[in-house]
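Quick note on numbering: the working numbering labels position 141 of the sequence shown as 267, and the sequence is numbered without any gaps.
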Amino acid sequence: MCGIVGYVGSRAASEVLMDGLRRLEYRGYDSSGIAVLNAGDIELRRAVGKISNLETVLKKNAAEGFVGLGHTRWATHGVPSEQNAHPHMDCTKKIVVVHNGIIENYMVLRSDLTKKGHSFASQTDTEVIPHIIEEEWKKAKNKTEKEFFNAVVRSLKRLEGAYALSILCSDCPDMVVAARRDCPLVVGIGEKENFIASDIPALLPYTRKTIFLDQGEIAVLKKNSVECFTEDGKSVKKTVTTVTWDPLQAEKSGYKHFMLKEIMEQPNAIEDTIRGRVYSKGGEFEKELGLSASTLKSLKRITLVACGTSYHAALIGRFWLESLAKVSCQVEIASEFRYRTSFLDKNDLAIFISQSGETADTLAALRLAKKSGAKTLAICNVLGSTITNAADSTFYTHCGPEIGVASTKAFTGQLTALLLLAVHLAGVRGAVPKKELENIQKDLVKIPSWVRESLESSSRIEAIAKNLYKKFHFLYLGRNLNYPLALEGALKLKEISYIHAEGYPAGEMKHGPIALIDENMPIVAIATQSLVYEKVLSNIQEAKARGGFVIAIASKGDAKITQVANETIYVPSVPETYAPLINAIPLQFLAYHIAVLRGCDVDQPRNLAKSVTVE
Ligand code: AGP
127 MCGIVGYVGS RAASEVLMDG LRRLEYRGYD SSGIAVLNAG DIELRRAVGK
177 ISNLETVLKK NAAEGFVGLG HTRWATHGVP SEQNAHPHMD CTKKIVVVHN
227 GIIENYMVLR SDLTKKGHSF ASQTDTEVIP HIIEEEWKKA KNKTEKEFFN
277 AVVRSLKRLE GAYALSILCS DCPDMVVAAR RDCPLVVGIG EKENFIASDI
327 PALLPYTRKT IFLDQGEIAV LKKNSVECFT EDGKSVKKTV TTVTWDPLQA
377 EKSGYKHFML KEIMEQPNAI EDTIRGRVYS KGGEFEKELG LSASTLKSLK
427 RITLVACGTS YHAALIGRFW LESLAKVSCQ VEIASEFRYR TSFLDKNDLA
477 IFISQSGETA DTLAALRLAK KSGAKTLAIC NVLGSTITNA ADSTFYTHCG
527 PEIGVASTKA FTGQLTALLL LAVHLAGVRG AVPKKELENI QKDLVKIPSW
577 VRESLESSSR IEAIAKNLYK KFHFLYLGRN LNYPLALEGA LKLKEISYIH
627 AEGYPAGEMK HGPIALIDEN MPIVAIATQS LVYEKVLSNI QEAKARGGFV
677 IAIASKGDAK ITQVANETIY VPSVPETYAP LINAIPLQFL AYHIAVLRGC
727 DVDQPRNLAK SVTVE
């Protein structure tokens with residue numbers, strides 16, 4: 127949570143910073159601020175709420191200069207207010223800091239600094255940082271850039287917790303210092319200008335040449351140079367990576383919301399994730415997984431770990447790994463798993479699924495699994511993110527940037543990656559007959575066109591949403607592969623429309639939830655053709671008999687369903703295995719249209735942020 131940007135060059139820094147903040151707003155939108163160096167002084171502008179409020183402030187009171195920092199906040203310590211908005215300064219008003227993360231020992235540091243005479247203007251944990259640097263900077267005999275860098279290195283040693291930082295000092299006006307521990311930071315390398323940001327989209331309009339800072343690293347950015355160091359201040363040589371994301375992917379491109387654009391992008395995103403991976407030869411797939419064919423053959427157990435939507439993808443992945451690859455599989459919520467006793471050992475493969483690659487709990491779970499000796503694999507969408515660095519290897523989803531807080535294309539991208547993995551494992555392990563495997567491979571390449579067809583349901587769903595958007599509670603039901611989708615449908619609805627929704631395995635209804643049903647409780651039943659179709663049909667009838675209003679998601683050509691459901695949304699009829707990828711679409715549309723009708727902020731729902739970098 128929180129997005130940071132930094133710039134040094136010849137452009138108007140405030141414009142670059144504001145542009146970057148707009149692209150990082152998905153990371154938090156409680157407040158924002160920038161600091162720009164202007165003729166030896168630091169100009170600070172801050173505002174509560176969205177970036178547009180900061181734009182208003184800047185229109186009235188511009189901040190001029192060519193070096194600066196910016197921040198968009200998701201509040202952890204201290205309410206969203208101007209005082210608590212970043213950047214934060216020291217007592218001399220010479221040092222300014224933006225921060226993403228949590229400084230765990232800030233209370234001790236703050237009381238120590240207060241005793242030394244420092245005064246604090248905010249309730250944030252961050253504010254201790256400029257004051258500590260101030261203390262260390264005081265000790266420097268020569269006020270050189272090198273000495274300021276050393277003061278930062280010494281200061282960082284006093285911080286416990288997680289941070290991505292950008293720091294400016296008006297005594298050293300030509301440089302920005304950036305440092306990271308457990309929160310992401312990417313350097314953007316330009317022509318006579320350099321950038322630092324929490325995430326790639328902020329850099330895309332200016333450069334695709336990037337350096338991903340690793341754990342504990344520090345970068346010093348000047349107009350004509352970027353140098354990287356270890357946390358002890360030793361120089362390190364870093365690789366420059368050219369990112370392939372198209373700048374236009376991070377724009378709305380005429381769509382009303384990023385979420386809608388990202389829903390519509392799914393056929394292409396899935397195609398990109400599949401490309402070159404269905405018929406891969408010569409051990410390429412194994413290379414990507416960082417696991418040999420013999421290891422894959424002998425695997426006894428796989429553990430999938432994730433949070434939120436990625437956890438729902440994991441639940442579906444389990445079905446595929448068990449049914450296709452015939453390998454035992456368990457699924458864990460990262461925030462729970464990390465505090466349980468782990469029984470993983472060197473014979474285990476643990477897979478960590480994360481769109482952002484920054485989710486704090488997933489990262490902590492990964493570190494725990496590594497400690498236990500398990501082999502670790504990340505399924506991730508963001509190149510160079512923390513989880514991809516921490517895992518033994520990464521199997522990337524190639525969905526492009528996902529900006530909407532509600533995960534859509536990243537979810538189907540994760541499903542695609544898990545399905546590819548399960549199919550590959552099935553082949554290597556000889557778990558399905560050759561002919562069947564060939565048929566599955568043929569089906570895999572059809573998925574994007576099935577999803578494209580499923581997207582045609584949008585206007586029908588919008589019409590249904592018009593009758594439902596004022597309801598207070600929803601129930602989502604599914605069985606087998608469609609049960610995790612029921613969870614996902616409910617999550618989508620609650621996070622963007624603030625309607626209470628629950629996902630349930632349809633077979634569990636009689637064990638409690640059926641008591642909730644009356645005419646005010648719409649029931650979304652995912653009832654596509656499958657092994658358990660008839661059973662779901664009976665569950666729908668039971669709900670109907672209690673006055674429930676049923677919206678069924680059904681396979682094209684299913685006439686029977688219309689006799690029991692009040693509304694039917696048809697999706698292409700596909701083999702059961704692939705249904706989750708196709709059925710996810712109407713659930714995303716339903717949540718989207720209901721949220722729009724309710725006037726909700728679809729892309730930036732209240733209280734949420736895209737990357738959950740705190741526990
Ligand atoms: C889904 O719409 C969410 N915004 C959220 O549940 C998300 O999937 C979760 O926070 C995990 O994020 P990650 O995939 O980046 O780790």
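For glycine and all other residues, C-beta sits at the position ideal for the given N, C-alpha and C.
Selection from the options that minimises the alpha carbon distance to residue i
| i | options | result |
| --- | --- | --- |
| arginine 280 | Pro698, Gly402, Glu261 | Glu261 |
| isoleucine 625 | Asp145, Val728, Leu291, Leu170 | Val728 |
| valine 453 | Asp474, Arg466, Tyr465, Ser436 | Asp474 |
| lysine 265 | Glu253, Val278, Ile255, Phe469 | Val278 |
| glutamate 588 | Ala440, Ala486, Phe715, Asp297 | Phe715 |
| serine 584 | Lys387, Ile326, Thr202 | Lys387 |
| leucine 713 | Glu391, Pro701, Ile695 | Ile695 |
| valine 431 | Gln481, Glu397, Leu180, Glu660 | Gln481 |
| glutamine 392 | Thr198, Lys535, Ala516 | Lys535 |
| glutamate 614 | Lys360, Lys335, Ala440, Asn350 | Ala440 |
| cysteine 525 | Tyr405, Thr488, Asp372, Asp167 | Asp372 |
| valine 577 | Glu645, Arg464, Ser699 | Ser699 |
| leucine 617 | Ser424, Tyr718, Glu397 | Tyr718 |
| phenylalanine 478 | Leu339, Leu415, Ala532 | Leu415 |
| glycine 408 | Ser418, Ile400, Pro331 | Ser418 |
| glutamine 375 | Asn394, Glu357, Val362, Lys360 | Asn394 |
| proline 610 | Ile293, Asp340, Tyr437, Lys186 | Tyr437 |
| histidine 600 | Glu410, Ile400, Gly629 | Note that residue 600 corresponds to phenylalanine in the displayed sequence, not to histidine. Among Glu410, Ile400, Gly629, the Cα nearest to that of phenylalanine 600 belongs to Gly629. |
| glycine 316 | Ile130, Tyr332, Ser533 | Tyr332 |
| threonine 435 | Leu619, Asn692, Glu693 | Leu619 |
Residue i - partner residues in DSSP beta bridges
| i | result |
| --- | --- |
| arginine 555 | DSSP lists no partner for arginine 555. |
| histidine 599 | His626 |
| phenylalanine 321 | Tyr133, Gly314 |
| proline 648 | Phe675 |
| tyrosine 289 | Gly227, Asp308 |
| leucine 430 | Val457, Ile477 |
| isoleucine 505 | Ile479, Phe521 |
| arginine 586 | Its beta-bridge partners do not exist; DSSP assigns none. |
| aspartate 94 | The requested residue 94 does not occur in the structure, where the chain is confined to residues 127 to 741. |
| glutamate 693 | Ile677 |
| glycine 204 | Beta-bridge pairing links glycine 204 to no other residue. |
Where residue i sits in the DSSP three-state scheme
| i | result |
| --- | --- |
| glutamine 456 | strand |
| serine 519 | strand |
| phenylalanine 246 | coil |
| methionine 390 | helix |
| phenylalanine 469 | coil |
| glycine 380 | coil |
| methionine 215 | strand |
| aspartate 372 | coil |
| proline 631 | strand |
| histidine 197 | strand |
| glutamate 614 | helix |
| leucine 417 | coil |
| phenylalanine 338 | strand |
| lysine 349 | coil |
| arginine 284 | coil |
| leucine 450 | coil |
| phenylalanine 355 | strand |
| arginine 172 | strand |
| valine 740 | coil |
Beta-carbon spacing of residue i, residue j below 8 angstroms
| i | j | result |
| --- | --- | --- |
| leucine 570 | proline 706 | no |
| asparagine 231 | alanine 290 | no |
| asparagine 320 | valine 313 | yes |
| asparagine 665 | methionine 635 | yes |
| leucine 594 | alanine 651 | no |
| alanine 451 | leucine 551 | yes |
| cysteine 433 | valine 740 | no |
| leucine 494 | alanine 517 | no |
| valine 366 | isoleucine 337 | yes |
| alanine 173 | serine 157 | yes |
| valine 224 | histidine 197 | yes |
| leucine 581 | isoleucine 711 | yes |
| serine 292 | glycine 191 | no |
| asparagine 507 | threonine 523 | yes |
| glycine 204 | valine 162 | no |
| isoleucine 389 | proline 527 | no |
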